[in-house]
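Chains as they are written, first to last, in full-length UniProt numbering: chain C, 1 to 314; chain L, 1 to 314.
Here is the structure we will look at, set down as structure tokens.
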DNA sequence: ATGAAAGCGCTAACAC
DNA sequence: GTGTTAGCGCTTTCAT
């Protein structure tokens with residue numbers, strides 16, 4: 001059944017025929033047992049309901065499937081659950097683990113590395129030797145947002161992030177401010193950070209309610225969810241985009257493109273991330289001793305109506 | 001390791017301690033091999049990006065995990081892929097298969113049944129002996145929608161479904177019309193079906209563009225996605241809900257509750273569906289010969305602004 | 001080109 | 001209460 005046996009073609013054909021006639025299915029448990037590894041890949045997801053996460057998750061499933069592997073998945077709420085989950089994956093002798101949530105606890109990651117099991121983190125900074133990572137180009141994303149807002153004539157810029165801060169949010173914010181630096185230094189612009197209490201629409205809307213105590217005409221948001229929430233919150237105060245404030249989100253999730261929002265945003269390439277993650281996983285499986293790799297996947301600016309004057313191609 | 005061995009407590013403790021000190025992890029492949037079954041449950045999903053599907057999917061993951069089982073998942077595009085997928089699941093000797101997409105091909109389902117592997121279909125009509133199903137109460141959903149629209153004073157009703165029709169859509173439509181029957185017979189109302197070219201927002205919006213050639217003041221949609229699309233499409237023609245037309249959706253997905261839509265809808269209980277599905281699966285595992293069960297999970301009317309005059313509790 | 005045998009890690013059954 | 005053994009289904013290796 002392994003496809004590697006040295007038998008006459010005719011014999012092979014006869015046995016395969018018989019097998020299919022009998023409805024025989026290889027027992028992957030037995031194969032895995034014998035080969036000391038399974039074709040199983042563990043995927044750790046968190047908040048799979050969030051539209052961007054769902055898209056990334058789906059891309060991972062497709063990618064795994066396309067490579068003839070089988071996904072083992074676990075949704076995880078907190079770090080403790082992550083521990084249990086990875087341990088469980090280990091019990092199934094997965095040939096790799098893809099983590100889309102939280103930084104993998106160092107101990108577990110090291111254990112995986114020691115066992116020769118590749119771990120790849122998605123959209124997370126990790127500095128664990130032997131753990132690869134693939135992330136969207138937050139730097140370019142932040143810069144594109146800054147350039148677009150400046151080009152649209154905004155002078156009072158803000159960044160809406162989540163209280164406490166996520167890795168991605170911080171990276172985007174830092175890149176945004178860095179790209180703004182010359183304008184700030186020249187006194188051609190101001191910048192202030194805004195904080196939402198959570199990552200969701202509600203929190204974005206709440207932030208919009210109290211955003212007007214100082215001038216604000218250009219806002220870059222850590223995610224589309226926050227941006228759409230802010231937009232709705234702003235509308236509740238009678239404001240509109242881009243009339244009163246230009247807004248740029250991040251992710252390019254489906255709802256952001258729909259009629260009520262038409263949000264200008266930075267698109268993440270979920271399929272690209274997934275493909276790179278799978279590739280890194282397999283490469284490390286071949287060469288476990290290789291130094292850790294951090295792969296950056298390009299992002300693109302999607303021009304829509306929440307920023308004025310962007311329709312000409314730059 | 002099985003937890004069933006008859007040993008002195010002290011001995012057990014010592015070996016467990018040693019095991020954890022060594023970082024030992026049971027090999028579930030070996031256990032599965034020996035026990036002739038694994039703790040693996042196969043989940044078949046389709047279109048996991050759709051917000052309702054994503055919610056159901058997440059509920060299933062949680063449910064499986066809560067019961068100490070491990071999810072094996074595959075996203076599936078077409079019926080052929082379903083075939084391959086279920087075959088693959090069989091190879092891993094899953095102890096059950098949960099299908100959220102398409103009717104499981106009879107042949108495969110029968111093969112599972114013969115192998116004693118429970119198959120549960122979610123939100124699908126199945127009439128395969130030995131295959132259980134759990135679905136939302138589309139009948140009550142349709143009736144609640146009809147009652148709400150009539151109570152709101154609508155006289156020219158419509159149902160927006162998807163061309164070709166899905167099982168759920170047809171069931172909802174039929175129940176809606178059935179509940180309308182008395183009013184129709186008495187000449188107090190009219191009804192007409194509307195067809196969207198696809199299941200998504202775009203298709204709903206397109207349907208709204210050509211909905212006004214005949215009177216329409218109350219619309220029940222097969223899904224929230226369609227309803228929101230229709231709403232946006234209607235707005236593009238200068239119409240609004242509930243001013244010009246009352247609208248009720250189905251699913252209660254997150255975006256439907258947000259400011260731009262505030263859609264009155266029928267809420268499906270994803271967690272309830274997942275819990276029942278898991279329960280049915282385990283029950284059948286115990287008694288494979290049991291006749292097929294179809295479990296119906298209650299739905300509730302969520303009153304929001306797209307239907308007027310509903311805020312008093314009925 | 002084929003057959004035979006060993007062994008992957010585990011657990012249930014049986015002997016002590 | 002504990003030690004031993006057989007065997008789950010598979011693949012790889014060695015012998016024919």
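Where is the CB? At the ideal position from N, CA and C, for every residue including glycine.
Does residue 33(C) get closer than 7 Å to chain L when you measure Cβ to Cβ? The residue you call residue 33(C) lines up with position 33 of the first chain. Nearest CB-CB separation between residue 33(C) and chain L: below the 7 Å threshold.
Under a CB-based cut-off of 7 Å, is residue 71(C) close to chain L? Taking the first residue of the first chain as position 1, residue 71(C) is located at position 71. Yes, residue 71(C) counts as interfacial toward chain L.
Where do the ends of the alpha helix (DSSP H) carrying residue 225(C) lie? What you label residue 225(C) is simply residue 225 of the first chain in a count that begins at 1. Here the alpha helix (DSSP H) through residue 225(C) covers 224 to 236.
If you draw a straight line from the C-alpha of residue 140(L) to the C-alpha of residue 299(L), how long is it? Residue numbering aside, residue 140(L) sits at position 140 when the second chain is read from its first letter. Residue numbering aside, residue 299(L) sits at position 299 when the second chain is read from its first letter. Answer to the nearest angstrom: the Cα atoms are 7 Å apart.
Interfacial residues, the stretch 73 to 103 of chain C to chain L, with Cβ spacing under 7 Å: 73, 74, 75, 87, 88, 90, 91, 92, 93
When 264(L), 158(L), 254(L) are compared against residue 214(L), the one with the closest alpha-carbon: The residue you call residue 214(L) lines up with position 214 of the second chain. It is 158(L) whose Cα lies nearest to the Cα of residue 214(L).
Identify the contact partners of residue 123(C) in chain L, using a Cβ-Cβ distance below 8 Å as the criterion. The residue given as residue 123(C) occupies position 123 in the first chain. Simply none; closest approach about 17 Å.
Within the stretch 147 to 220 of chain C, note down every full alpha helix (DSSP H) run reaching 4 residues or more, in order along the chain. Taken in chain order, the whole alpha helix (DSSP H) runs of length 4 or more contained in the stretch 147 to 220 of chain C are 167 to 185, 201 to 209.
Confirm, please, whether the CB-CB distance from residue 265(L) to residue 271(L) is below 7 Å. Translated into positions along the second chain, residue 271(L) becomes position 271. Translated into positions along the second chain, residue 265(L) becomes position 265. No, the pair does not count as a contact, with Cβ atoms beyond the cut-off.
Looking only at its chain, what residues have a beta carbon closer than 7 Å to the beta carbon of residue 180(C), apart from the 5 residues adjacent to it on each side? Reading the first chain from its first residue, position 180 is the one you call residue 180(C). The residues are 146, 157, 189, 191.
By the criterion of Cβ-Cβ separation under 8 Å, what are the contact partners of residue 260(L) in chain C? Numbered from its first residue, the second chain carries residue 260(L) at position 260. Correct list: 232, 260, 261.
Strictly under 7 Å for the Cβ-Cβ distance: is residue 29(L) near chain C by that measure? In the second chain, residue 29(L) corresponds to position 29, counting from 1. With 7 Å as the cut-off, residue 29(L) counts as an interface residue toward chain C.
Chain L partners of residue 23(C), CB-CB under 7 Å? Taking the first chain and counting its residues from 1, one reaches residue 23(C) at position 23. Going along chain L in sequence order, the residues near residue 23(C) (Cβ under 7 Å) are 111.
Delimiting residues of the alpha helix (DSSP H) encompassing residue 285(L): Within the second chain, numbered from 1, the residue matching residue 285(L) stands at position 285. Residue 285(L) -> alpha helix (DSSP H) spans 270 to 286.
How about residue 225(C) and residue 200(C): do their beta carbons lie closer than 7 Å? Taking the first residue of the first chain as 1, we reach residue 225(C) at position 225. Taking the first residue of the first chain as 1, we reach residue 200(C) at position 200. Taking 7 Å as the Cβ cut-off, residue 225(C) and residue 200(C) qualify as a contacting pair.
Roughly how far, in whole angstroms, is the beta-carbon of residue 56(C) from the beta-carbon of residue 100(C), given that I think they are within contact range, below 8 Å? Translated into positions along the first chain, residue 56(C) becomes position 56. Translated into positions along the first chain, residue 100(C) becomes position 100. That belief holds up - the Cβ atoms of residue 56(C) and residue 100(C) are roughly 6 Å apart, short of 8 Å.
Chain L contact residues for residue 38(C), given Cβ-Cβ distances below 9 Å: Taking the first chain and counting its residues from 1, the one referred to as residue 38(C) is at position 38. By Cβ distance, chain L contributes 29, 92.
Under 8 Å (Cβ pairs) to chain L, residues found in the stretch 50 to 66 of chain C: Interface annotation for the stretch 50 to 66 of chain C against chain L: 51, 54, 55, 57, 58, 61, 62, 65, criterion Cβ-Cβ distance under 8 Å.
Below 8 Å on C-beta distance, what does residue 255(L) contact in chain C? Position 255 of the second chain, counted from the start, is the residue given in the question as residue 255(L). What residue 255(L) touches in chain C: 255.
At least one CB of chain L closer than 7 Å to the CB of residue 48(C): is that the case? In the first chain, the residue the question calls residue 48(C) occupies position 48. It does: the Cβ of residue 48(C) has a partner Cβ on chain L nearer than 7 Å.
Based on the DSSP output, what are the partners of residue 96(C) in its beta bridges? Position 96 of the first chain, counted from the first residue, corresponds to residue 96(C). BP columns for residue 96(C) point to 41(C).
CB contact below 7 Å: residue 44(L) versus chain C: Here residue 44(L) is taken as the residue at index 44 of the second chain, counted from 1. No, no contact with chain C.
Identify every residue that forms a DSSP beta bridge with residue 73(C). Counting from 1 along the first chain, the entry for residue 73(C) is found at position 73. Looking at the DSSP assignment, residue 73(C) forms a beta bridge with 43(C), 71(L).
Does any residue of chain C bring its CB to less than 7 Å from the CB of residue 119(L)? The residue you call residue 119(L) lines up with position 119 of the second chain. Not an interface residue.
Under the DSSP definition of a beta bridge, which residues are partnered with residue 248(L)? One-based indexing of the second chain puts residue 248(L) at position 248. DSSP output for residue 248(L) lists 220(L), 264(L) as bridge partner(s).
Could you tell me whether the Cβ of residue 156(C) comes closer than 7 Å to any Cβ of chain L? One-based indexing of the first chain puts residue 156(C) at position 156. By this cut-off, residue 156(C) is not an interface position.
If you reduce the DSSP assignment to three classes, tell me which class residue 115(L) lands in. Taking the second chain and counting its residues from 1, the one referred to as residue 115(L) is at position 115. Of the three classes helix, strand and coil, the one that applies to residue 115(L) here is coil, per DSSP.
Taking Cβ to Cβ, would you say residue 253(L) is nearer than 7 Å to residue 137(L)? Mapped onto the second chain, residue 253(L) falls at position 253. Mapped onto the second chain, residue 137(L) falls at position 137. Result no, Cβ atoms of residue 253(L) and residue 137(L) do not sit closer than 7 Å.
Neighbour-count burial assignment, residue 21(C), 16 or more Cβ in a 10 Å radius: Against the first chain, residue 21(C) aligns to sequence position 21. Result: exposed.
Is the separation between the beta-carbon of residue 72(L) and that of residue 93(C) shorter than 7 Å? On the second chain, residue 72(L) is found 72 positions in, with the first residue counted as 1. On the first chain, residue 93(C) is found 93 positions in, with the first residue counted as 1. The Cβ atoms of residue 72(L) and residue 93(C) do not sit closer than 7 Å to each other.
Counting only Cβ pairs nearer than 8 Å, list the residues of chain L close to residue 26(C). Mapped onto the first chain, residue 26(C) falls at position 26. Neighbours of residue 26(C) on chain L, chain order: 91.
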